[in-house]
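>
Protein chains: 2
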Amino acid sequence: MSDTRTNAGLDNISTYRKLTTWEEPGERAITIMTAGNLATTQSVVGLLDERTKAPDDRQPSLLAVPSMFQAARLVGDALREVISRQEDTGQNADSFGATIILGGQIVGGPPRLFLIYPEGNFIEAGDDTPFFQIGEIKYGRPILVRAYDPDLSFEDAMRLMLVSFDSTVKANLTVGAPFDFHVYEEGSLQTGRTGRLLGDDPYVHSVTQGWGDALKDALESLPPFGFSD
Amino acid sequence: MSDTRTNAGLDNISTYRKLTTWEEPGERAITIMTAGNLATTQSVVGLLDERTKAPDDRQPSLLAVPSMFQAARLVGDALREVISRQEDTGQNADSFGATIILGGQIVGGPPRLFLIYPEGNFIEAGDDTPFFQIGEIKYGRPILVRAYDPDLSFEDAMRLMLVSFDSTVKANLTVGAPFDFHVYEEGSLQTGRTGRLLGDDPYVHSVTQGWGDALKDALESLPPFGFSD
């Protein structure tokens, strides 16, 4: 799940899609989510997408790589390349940084999830670290750390992510609805359920409203503090 | 309330007191909490404390200033002075930054609460922004934003702060127990209840353990998500 808020300064806030999917049904389904400099991430996604449409290009495309590991290398290389084009002009590379989450499955391999750094290297999710966050991660992290469970249903995971995003939205202007999502089912090898939840969606609204009260009740349920004197 | 964790690199973690109180019973009670570079904050507190013990010094002390506003200026000046001594040596001032929360009451005025920046300037809490956080603030902020209520009892406020700290502790190594606290009662003009809650304190433990379950229950209490297809 991804939010859609981008900002270039507090007085320049817009909505952009940060979640992109590619598929070749029966063979592969790949999703990318991006955080960071919008010019960088749009360039990367544009570059990757262009290559999928020019299969004779010498550069491999996401629709041609044989494994998710190779897909992660491809995306990492594209990210580093876009950022280094800015560096070459002598500009401060930090401002052009971006981070990418890449997930998906290619026939013959398991579904895999990667976090790709601006330097182009990457790490993979595993049993111990089963999820990734990028961008403004801190506000929404405590509820994920506490409530994430590998046995969550897709529906419960959606609810958990909305609550996590809501914690961030309430505290930080740089994150905001609508939220794009893609639910990939292992082995399906095609794009699964995708959609966009608007800020005024009745369900989002009920979660946002209900969560404040639920948190207060949760707090009330804890044993009361007593001063020792 | 303040944690006590300090770190100079991940392999150099120690416990230091970051909450200091001064009082002159019947006349004033003042509390400072610090975040940031430990050398800077210890210098500032040392400087302020030394002045209270040398009343004939030309510099005013926290025990001599006539108002909390003057106290904030005094602390801000001390903070800026300590930081600028590092700058004078040509070192990068950012590394020596610190932020301070100053609260208290001086006879003849109301209790006031200030957030003091490394530059020595400051802002005051008010009805719209009734609390301040400094240091690693993001993880613990959502629960404060949601559950803070000006009508909270001191006991309930203690519980809320422990839960907020717990969210941070679970996610970030740079914050940790024990937690120091000072509860000042308006008009008392003397140090109120102070103490230190250890990480293995039975109450802290019950909050830490109970909060995970309470959060999961809170999540369960929200309406279930359903895919629209």
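The listed protein sequences correspond, in order, to chains L and X. Residue 220 in our numbering is what sits at position 219 of the first sequence, and the numbering runs on without skipping anything. Residue 162 in our numbering is what sits at position 161 of the second sequence, and the numbering runs on without skipping anything. From the three backbone atoms N, C-alpha and C, an ideal C-beta is built for every residue, glycine too. Treat the numbers as computed from the prediction; the structure is a model and nothing was measured.
How many Å lie between residue 42 of chain X and residue 5 of chain X at the Cα?
Here residue 42 of chain X is taken as the residue at index 41 of the second sequence, counted from 1. Here residue 5 of chain X is taken as the residue at index 4 of the second sequence, counted from 1. For residue 42 of chain X and residue 5 of chain X, the distance between alpha carbons rounds to 13 Å.
> With C-beta atoms as the reference, is residue 38 of chain X less than 7 Å away from residue 175 of chain X?
Along the second sequence, read from residue 1 onward, the residue named residue 38 of chain X stands at position 37. Along the second sequence, read from residue 1 onward, the residue named residue 175 of chain X stands at position 174. Cβ distance not < 7 Å, so residue 38 of chain X and residue 175 of chain X don't count as in contact.
> Can you check which of these residues, X:62, X:214, X:160, is closest to residue 29 of chain X by C-alpha distance?
In the second sequence, the residue the question calls residue 29 of chain X occupies position 28. Measuring from the Cα of residue 29 of chain X, the nearest candidate turns out to be X:62.
> Just how far apart, CA to CA, sit residue 126 of chain L and residue 74 of chain X?
Position 125 of the first sequence, counted from the first residue, corresponds to residue 126 of chain L. Position 73 of the second sequence, counted from the first residue, corresponds to residue 74 of chain X. Spanning the two alpha carbons is a distance of roughly 49 Å.
> At the level of alpha carbons, what is the spacing between residue 163 of chain L and residue 207 of chain L?
One-based indexing of the first sequence puts residue 163 of chain L at position 162. One-based indexing of the first sequence puts residue 207 of chain L at position 206. The alpha-carbon atoms of residue 163 of chain L and residue 207 of chain L are separated by roughly 11 Å.
> Report yes or no: do three or more beta-carbon pairs, one from the region 42-55 of chain L and one from the region 96-115 of chain L, lie closer than 8 Å?
With a cut-off of 8 Å, the region 96-115 of chain L and the region 42-55 of chain L count as touching, because enough Cβ pairs lie within range.
> Ignoring anything shorter than 4 residues, give me the alpha helix (DSSP H) runs that lie fully in the region 26-103 of chain L, in order along the chain.
Within the region 26-103 of chain L, the complete alpha helix (DSSP H) runs of at least 4 residues are 39-53, 69-88.
> Please list the residues of the region 142-155 of chain X that have a C-beta atom closer than 8 Å to any C-beta atom in chain L, keeping them in chain order.
Those residues of the region 142-155 of chain X that come within reach of chain L (Cβ to Cβ, closer than 8 Å) are 142, 143, 144, 146, 147, 148, 155.
> Using Cβ-Cβ distances below 9 Å, what residues of the region 193-206 of chain X are close to chain L?
Cβ contacts with chain L come from 194, 196, 204.
> Let me check one thing: in DSSP terms, what residues is residue 120 of chain L bridge-paired to?
One-based indexing of the first sequence puts residue 120 of chain L at position 119. According to DSSP, residue 120 of chain L bridges with nothing at all.
> Span of the alpha helix (DSSP H) holding residue 14 of chain X?
As a working mapping, residue 14 of chain X is identified with position 13 in the second sequence. Segment 14-16 is the beta strand (DSSP E) holding residue 14 of chain X; no alpha helix (DSSP H) there.
> In the DSSP assignment, the beta strand (DSSP E) including residue 181 of chain X goes from what residue to what residue?
Counting from one through the second sequence, the residue named residue 181 of chain X turns up at place 180. Segment 180-184, the beta strand (DSSP E) holding residue 181 of chain X.
> By DSSP, does residue 211 of chain X sit in helix, in strand, or in coil?
Residue 211 of chain X sits at position 210 when you count from the first residue of the second sequence. Looking at residue 211 of chain X - three-state DSSP - the assignment turns out to be helix.
> What would DSSP say about residue 192 of chain X, mapped onto helix, strand or coil?
On the second sequence, residue 192 of chain X is found 191 positions in, with the first residue counted as 1. In the structure shown, residue 192 of chain X sits in coil (DSSP, three-state: anything other than H, G, I, E or B).
> In whole angstroms, what is the alpha-carbon distance linking residue 76 of chain L and residue 18 of chain L?
Taking the first residue of the first sequence as position 1, residue 76 of chain L is located at position 75. Taking the first residue of the first sequence as position 1, residue 18 of chain L is located at position 17. Looking at the two C-alpha atoms, the distance is approximately 18 Å.
> In three-state DSSP terms, what is residue 156 of chain L?
Locating residue 156 of chain L in the first sequence gives position 155, where the first residue counts as 1. Looking at residue 156 of chain L - three-state DSSP - the assignment turns out to be helix.
> Assuming residue 140 of chain L contacts residue 169 of chain L (C-beta within less than 8 Å), just tell me the rounded distance between them.
Indexing the first sequence from 1 puts residue 140 of chain L at position 139. Indexing the first sequence from 1 puts residue 169 of chain L at position 168. Indeed, because the Cβ distance is near 4 Å, the residues count as touching under 8 Å.
> Residues of chain X with a CB under 8 Å from the CB of residue 217 of chain L: which are they?
Here residue 217 of chain L refers to the residue found at position 216 when the first sequence is read from its first residue. Those are 147, 148, listed as they occur along chain X.
> Would you please state the rounded distance, in angstroms, between the beta carbons of residue 219 of chain X and residue 79 of chain L? I believe it to be under 8 Å.
One-based indexing of the second sequence puts residue 219 of chain X at position 218. One-based indexing of the first sequence puts residue 79 of chain L at position 78. Contact doesn't hold; Cβ gap of about 41 Å is too wide.
> Using DSSP bridges, identify the partner residues of residue 114 of chain L.
Looking up residue 114 of chain L in the first sequence gives position 113. For residue 114 of chain L, which the question treats as bridged, DSSP gives the partners L:104.
> Please state the DSSP three-state secondary structure of residue 221 of chain L.
Mapped onto the first sequence, residue 221 of chain L falls at position 220. Correct three-state label for residue 221 of chain L: helix.
> My understanding is that residue 34 of chain L touches residue 3 of chain L, with C-beta atoms under 8 Å, so please give their C-beta distance in whole angstroms.
By 1-based counting over the first sequence, the position of residue 34 of chain L is 33. By 1-based counting over the first sequence, the position of residue 3 of chain L is 2. Yes, they are in contact, since the Cβ atoms of residue 34 of chain L and residue 3 of chain L sit about 5 Å apart, within 8 Å.
> Can you tell me where the beta strand (DSSP E) with residue 7 of chain X in it begins and where it stops?
Reading the second sequence from its first residue, position 6 is the one you call residue 7 of chain X. It spans 6-8 - the beta strand (DSSP E) in which residue 7 of chain X sits, taken as one unbroken run.
> Cβ atoms of residue 121 of chain X and residue 36 of chain X: under 7 Å apart, would you say?
Here residue 36 of chain X refers to the residue found at position 35 when the second sequence is read from its first residue. Here residue 121 of chain X refers to the residue found at position 120 when the second sequence is read from its first residue. Cβ atoms of residue 36 of chain X and residue 121 of chain X: not closer than 7 Å.
> Which residues in the same chain have their Cβ closer than 6 Å to the Cβ of residue 114 of chain X, if we skip the five residues on either side of it in sequence?
As a first step, residue 114 of chain X is located in the second sequence; it is residue number 113 there, counting from the start. Result list for residue 114 of chain X: 104, 126, in chain order.
> What's the call for residue 165 of chain X, buried or exposed, on a 16-neighbour Cβ count within 10 Å?
As a first step, residue 165 of chain X is located in the second sequence; it is residue number 164 there, counting from the start. Residue 165 of chain X comes out buried.
> To the nearest angstrom, how far is the alpha carbon of residue 213 of chain X from that of residue 143 of chain L?
Indexing the second sequence from 1 puts residue 213 of chain X at position 212. Indexing the first sequence from 1 puts residue 143 of chain L at position 142. Each residue's Cα considered, the two are about 10 Å apart.
> Please report the residue range of the alpha helix (DSSP H) in which residue 145 of chain X lies.
Counted from its first residue, the second sequence places residue 145 of chain X at position 144. Its alpha helix (DSSP H) spans residues 142-148.
> Starting from residue 228 of chain L, find everything on chain X with Cβ-Cβ shorter than 9 Å and list it in chain order.
To locate residue 228 of chain L, count along the first sequence from 1; it is residue 227. Here the neighbours are 155, 156, 159, 184, 194, 196.
> On a CA-only basis, which of L:51, L:12, L:52, L:69 is nearest residue 110 of chain L? Give me that one, please.
In the first sequence, the residue the question calls residue 110 of chain L occupies position 109. Checking every option, the nearest Cα to that of residue 110 of chain L belongs to L:69.
> Note down the Cα distance separating residue 192 of chain L from residue 209 of chain L, rounded to an integer number of angstroms.
Sequence index remark: in the first sequence, residue 192 of chain L carries index 191 (1-based). Sequence index remark: in the first sequence, residue 209 of chain L carries index 208 (1-based). Their backbone Cα atoms lie some 28 Å apart in a straight line.
> May I have the straight-line CA-CA distance separating residue 133 of chain X from residue 196 of chain L, to the nearest angstrom?
The sequence position of residue 133 of chain X within the second sequence is 132, counting from 1. The sequence position of residue 196 of chain L within the first sequence is 195, counting from 1. Cα-Cα distance, rounded: 38 Å.
> Between residue 223 of chain X and chain L, is there a C-beta pair that is closer than 7 Å?
In the second sequence, counting from the first residue as 1, residue 223 of chain X sits at position 222. So, interface residue.
> Tell me whether residue 88 of chain X counts as near the ligand ADP, meaning its Cβ is closer than 6 Å to at least one heavy atom of that ligand.
The ligand ADP is not part of this structure, which contains no ligands at all.
> My guess is that residue 49 of chain L and residue 25 of chain L are in contact by the Cβ rule of under 8 Å, so how many angstroms apart are they, rounded?
What you label residue 49 of chain L is simply residue 48 of the first sequence in a count that begins at 1. What you label residue 25 of chain L is simply residue 24 of the first sequence in a count that begins at 1. So it is not a contact: roughly 14 Å between Cβ atoms.
> Taking the beta carbon of residue 84 of chain L as the centre, do at least 16 other beta carbons fall within 10 Å, making it buried, or is it exposed?
Numbered from 1 along the first sequence, position 83 holds the residue referred to as residue 84 of chain L. Counting Cβ neighbours within 10 Å, residue 84 of chain L comes out buried, since at least 16 surround it.
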